[in-house]
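These notes concern the structure reproduced below.
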Amino acid sequence: MHGEGANGGGGEDASPPPSGVATLHVTVDGDGSIDPRSVNLAIEWFRDKSVWPARELEPQQLVITQHSLSWPMTIDAIVPERPTYDPYWSSPSVGYRPGRLIAYIDGNHDDELDFTPIDANDFTDRIIAYASGTTINYYTTVDVFAQNVQVPNVGPTDMPIDQPLELLQRTDLAESCNLLADWEPYTAYESVFGGIPLDANQRGPWDFEAASDSPCPGNVAPAQTAEVSCDAGASQWHAQEVAQTSTFIAQTCGKVMRVCEGGDSTPSPCPCDATRYYCTQYEGGL
Numbered sequence: 269m270h271g272e273g274a275n276g277g278g279g280e281d282a283s284p285p286p287s288g289v290a291t292l293h294v295t296v297d298g299d300g301s302i303d304p305r306s307v308n309l310a311i312e313w314f315r316d317k318s319v320w321p322a323r324e325l326e327p328q329q330l331v332i333t334q335h336s337l338s339w340p341m342t343i344d345a346i347v348p349e350r351p352t353y354d355p356y357w358s359s360p361s362v363g364y365r366p367g368r369l370i371a372y373i374d375g376n377h378d379d380e381l382d383f384t385p386i387d388a389n390d391f392t393d394r395i396i397a398y399a400s401g402t403t404i405n406y407y408t409t410v411d412v413f414a415q416n417v418q419v420p421n422v423g424p425t426d427m428p429i430d431q432p433l434e435l436l437q438r439t440d441l442a443e444s445c446n447l448l449a450d451w452e453p454y455t456a457y458e459s460v461f462g463g464i465p466l467d468a469n470q471r472g473p474w475d476f477e478a479a480s481d482s483p484c485p486g487n488v489a490p491a492q493t494a495e496v497s498c499d500a501g502a503s504q505w506h507a508q509e510v511a512q513t514s515t516f517i518a519q520t521c522g523k524v525m526r527v528c529e530g531g532d533s534t535p536s537p538c539p540c541d542a543t544r545y546y547c548t549q550y551e552g553g554l
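Here our numbering is used: the first residue of the sequence shown is 269, the next is one more, and so on.
Here it is in structure tokens:
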């Protein structure tokens, strides 16, 4: 979304910039193949698992107040309001709401980041850039936004939210497989639990979804079958299904799946759709 103060690289504009709760200064580095005027920014805030089967992601559109028309592209954007309350991430025991910043093309021109149904013949919106390993954190207890970045030889470190942030352009159309509605590409699981984990730059912007699904014995990805479960830990159960997709999604994304997980030793009823999923209860652990 572009605010009234947005311009093509320093031009005069008498309109005052919109207000917000945080400001981001973003650079998008790439090959210049995309018109900067078509680029939008959004934060995908992480959500509690209770939203299953919906994705554990809640998009928030940022308001772009200024951008350049040359590459590398520079963008000033504001977070218009605080992220909504989440029963897990916003709770006092956790105290912060993490999210990932992405640049995307708004394919249906609705000023929102949309997910694509798995039977679609094209992506609704398309991911074009993100920063692997960089998280936007909103600390709910102190009302503070921060960037959490990977510092060499140090690890994840909080930085001021208005520190310059660089996104790397992604030219592979398959990156947008990370925007499927209610389903994840199987590669998201392989990237975390596979025998040869993918490089961080190949995992997509929110591989945490797959990482938060405890691995099966042997630390391997869940099986690509409709009726296979694996004991992921004490008193947990899994059920996964490979979905039927459109030809476009199958050719672009490969197999897609989702995992149903719980921790109650006597789940009732099984949270998975028993007509489509194989649900198994576990009484022990590994």
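Yeah, the Cβ is synthetic: ideal placement off N, Cα and C, and Gly gets one too.
Asked: VAL319 - DSSP class collapsed to helix/strand/coil; Found: helix
Asked: Backbone secondary structure at ARG350 - three-state DSSP; Found: coil
Asked: Residue environment, LEU315, which counts as buried when at least 16 other CB atoms sit within 10 Å; Found: For the sequence presented, residue 315 should be read as Arg rather than Leu. Buried, by the Cβ-count rule.
Asked: Proximal residues to ASP426 (C-beta, below 6 Å), its chain only, five neighbours per side dropped; Found: ALA414, ASN416
Asked: CA-to-CA distance, ASN389 to GLY401, given in whole angstroms; Found: 30 Å
Asked: Euclidean distance between Cα positions of PRO304 and LEU436; Found: 14 Å
Asked: Beta bridge counterpart(s) of LEU435 as assigned by DSSP; Found: VAL296
Asked: Contact check, VAL289 vs ARG350, beta carbons under 8 Å; Found: yes
Asked: Proximity of ILE589 and ILE370 at Cβ, strictly below 8 Å; Found: This structure cannot speak to residue 589, because the chain is shown only from 269 to 554.
Asked: Three or more C-beta pairs below 8 Å linking the stretch 335-347 and the stretch 356-366; Found: no
Asked: Through-space distance from TYR454 to THR515, alpha-carbon basis; Found: 16 Å
Asked: First through last residue of the beta strand (DSSP E) which encompasses ALA371; Found: 364-373
Asked: For SER380, three-class secondary structure by DSSP; Found: The question names Ser, yet the displayed sequence has Glu at residue 380. Coil at GLU380, not helix or strand.
Asked: ARG368 beta carbon less than 8 Å from that of TRP474; Found: yes
Asked: Under the three-state DSSP convention, the category ILE395 falls into; Found: strand
Asked: Under 8 Å between C-beta atoms of GLY384 and ALA449; Found: Note that residue 384 is Thr in the sequence shown here, rather than Gly. Yes.
Asked: In DSSP terms, what GLY423 is bridged to; Found: VAL419
Asked: CA-to-CA distance, PRO360 to TRP339, given in whole angstroms; Found: 42 Å
Asked: Option in ARG526, MET269, THR291 with minimal Cα separation from ILE404; Found: THR291
Asked: Simplified DSSP assignment, three categories, for GLN334; Found: strand
Asked: Segment limits, alpha helix (DSSP H) that includes ILE517; Found: 515-521
Asked: Cβ-Cβ distance between LEU381 and PRO327 below 8 Å; Found: yes
Asked: Local conformation of ASN446 per DSSP, three classes; Found: helix
Asked: Same chain only: Cβ atoms within 8 Å of ASN376, ignoring 5 sequence neighbours per side; Found: ASP382, THR392, ASP393
Asked: For PRO355, the three-state DSSP class (helix, strand or coil); Found: coil
Asked: First through last residue of the beta strand (DSSP E) which encompasses ILE311; Found: 307-314
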